[in-house]
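Working notes, structure below.
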Amino acid sequence: MSARGLASIGAVVSLLFGSPAFAQNDLLPLSDEFGNAATLSQWQRRHVVEGWGNEQLEVWDIDSSAPGRMVMVPFTATWYQEYLGPFAFKRVGGDFVITSAVTTTGRDGHSVPQTAFSLGGVFVREPRVTQAANWVAGEEDYVFLSIGTGTSGDWQYEVKTTDNSASVLNLSAAPESSAVLQLARIDDAVIALRREPGQPWVVHRRYSRTDLPDTLQVGLVSYTDWDKVQHFTTLVHNQNVLALPLPPGVNDPTPGVPFAPDVRASFDYARFARPVVPAELIGADLSNPGAVSDAQLLSFLGEAPSVAGTVGVATRVARDGSALGASPNPFRSNVVLAWTAPAASESHSNGPHRARFEVLDLGGRRVATLSALAVGPGRVQAAWDGRDDAGREVAVGVYLARLTGVPEAGFRRIVRIR
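Numbering (mature numbering (1 follows the signal peptide of the UniProt record, and there is no 0)) for the sequence shown: -23 to -1, 1 to 395.
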């Protein structure tokens, strides 16, 4: 490994084991690893908050349709100009970073979606002051980065900025259905970043959004079936569920064009963190590549906030004695992960008998899934041989272990060495 690579790992280990900046991440309670179905109630929905009442998601759950994931399967719906689609969010004030590992396919779970503009991703939006009953046009302000398909019939990214309901979008090729996506809002800049499997972080787009207020809606989005959506007026779309049979009083303007929603978006986690801007960049125009390079942005965005969204949990749990155990740690070939439920927590609904261990890399991608074996009252354990779910030996480095369905178990940092 190069000296630069060792330095990078050293920096990450420093973050994991107690960087003062990230130890004080006040947004940590907003993060969700999607290992507990009960956390669904902690997410708000746009159509509910703003009084529209039309549930545009046929499926929306956590740790149910897919273990350890939030899943969205929308009806025919979209986000463009005045069209308001499905959106699950939390309110965040000030500067922030949201990171999620996103997989978007057709409804069959593996194919490229067969309908134009069928994607899922991360989304930031200005809250609307008005409700549905007194809605006025021209007030939509948001930015998102998503993965799925736009118009090519192959995997693509879509990045979109909308200012006063005027949307400007860009489509670009993606190598597959999954990527880690990130949006950062710092001062007046909104920065979109991505990381493809096995690749480094990339700055995808930057925007100057001086219009956005301090507090935004920040979360996850999915949408599909533009070929059909575009024939409905925005108000009909925004007020109704566009699925057969249509609601009373809603007419299909193009019966020859079928309803063909075809997207399934799943999210491994949603991690919220405060960005820690280097002193030399404070006050700089981060939206301007001529003033701040991609490399400078990646010195504090990308990997660091993705990890920071989980570090505080591990630190807090370690202090109260209920964190996961790992032995030996560091390890060379095998490590045993174990957890014993404290007496006060043995009654939680997702008891250890339903849990499993997962090993994640520092980008938040799932590396290995291990069955949790009961070895005593309230105690489970599993052995990991340093291989991923495909049987490939993983690289030397730092990983995170968690026990899904048991949020109080937190995370354990494990280090593989030669």
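From the three backbone atoms N, C-alpha and C, an ideal C-beta is built for every residue, glycine too.
As the structure is a prediction and not an experimental result, all values here were calculated from the model.
Using the DSSP secondary-structure output, state which residues sit across from residue i in a beta bridge.
| i | result |
| --- | --- |
| GLY70 | THR192 |
| ARG390 | LEU377 |
| ARG172 | VAL157, TRP178 |
| TYR119 | ARG102, THR139 |
| PHE249 | ILE75 |
| VAL48 | ASP38, SER243 |
| GLY125 | LEU96, GLN133 |
| SER199 | GLY97 |
| PHE64 | VAL198 |
| ALA303 | LEU314 |
| ILE163 | ALA166 |
| ARG364 | GLU370 |
| ALA351 | VAL357 |
| PHE308 | ARG393 |
So, helix, strand or coil for residue i, using DSSP?
| i | result |
| --- | --- |
| ARG186 | coil |
| GLN133 | strand |
| LEU17 | helix |
| residue 397 | Absent from the structure is residue 397, since the part of the chain shown begins at -23 and ends at 395. |
| ASN217 | coil |
| THR346 | strand |
| TRP316 | strand |
| ASN147 | strand |
| SER324 | Any reading at SER324 needs caution, since the residue's pLDDT is 38, under 50, leaving its predicted position unreliable; the model's value is listed next. Residue state, collapsed to three classes: coil. |
| GLU335 | strand |
| GLN273 | helix |
| ASP9 | strand |
| VAL357 | strand |
| ARG395 | coil |
| residue 472 | Within the shown structure, residues of the chain are numbered from -23 to 395, placing residue 472 beyond reach of any answer. |
| ARG23 | helix |
| ALA54 | strand |
| THR81 | strand |
| GLY260 | coil |
| VAL294 | For VAL294, the predicted model reports a pLDDT of 33, less than 50, meaning its position is unreliable and no value from the coordinates is stated. |
| ALA281 | helix |
| ASN2 | coil |
| ASN111 | helix |
| THR211 | helix |
| VAL227 | coil |
| VAL206 | helix |
Return the CA-CA distance between residue i and residue j, expressed in angstroms with no decimal places.
| i | j | result |
| --- | --- | --- |
| ASP40 | THR211 | 33 Å |
| TRP29 | ASN215 | 7 Å |
| HIS87 | VAL48 | 14 Å |
| LEU258 | PRO177 | 22 Å |
| ASP245 | GLY382 | 13 Å |
| VAL69 | ALA247 | 13 Å |
| THR80 | LYS67 | 21 Å |
| THR346 | GLY302 | 16 Å |
| LEU4 | PHE73 | 8 Å |
| GLY125 | TYR134 | 6 Å |
| PRO255 | ASP271 | 14 Å |
| VAL392 | SER144 | 45 Å |
| PRO104 | ASN217 | 20 Å |
| PHE334 | GLY374 | 19 Å |
| VAL344 | THR138 | 33 Å |
| ALA318 | SER18 | 24 Å |
| GLU370 | TYR376 | 13 Å |
| THR187 | LEU160 | 16 Å |
| LEU380 | ARG309 | 22 Å |
| VAL179 | VAL36 | 31 Å |
| ASP229 | LEU148 | 29 Å |
| ARG183 | ILE163 | 11 Å |
| GLY355 | GLY387 | 16 Å |
| SER42 | ARG251 | 31 Å |
| TRP361 | GLY127 | 39 Å |
| residue 406 | THR16 | The requested residue 406 does not occur in the structure, where the chain is confined to residues -23 to 395. |
| ASP131 | VAL120 | 23 Å |
| VAL206 | ASP366 | 39 Å |
| LEU275 | SER142 | 30 Å |
| GLY353 | VAL312 | 19 Å |
| PRO51 | SER304 | 44 Å |
Should residue i be flagged as near chain B, meaning a C-beta pair shorter than 7 Å?
| i | result |
| --- | --- |
| PRO63 | Absent from the structure is chain B; it holds one protein chain and no more. |
Notebook entry, point to check: Does the pairing of the stretch 169 to 176 with the stretch 104 to 116 give three or more beta-carbon distances under 8 Å?
Noted result: no
Notebook entry, point to check: Hey, is the stretch 234 to 241 in contact with the stretch 149 to 161, meaning 3+ C-beta pairs nearer than 8 Å?
Noted result: no
Check: Do the stretch 94 to 109 and the stretch 262 to 273 meet, that is, are 3 or more Cβ pairs less than 8 Å apart?
Finding: no
Check: Would the stretch 45 to 65 and the stretch 195 to 204 be scored as touching if the rule is three or more Cβ pairs under 8 Å?
Finding: By the C-beta criterion, the stretch 45 to 65 is judged to be in contact with the stretch 195 to 204, since at least 3 inter-stretch pairs fall below 8 Å.
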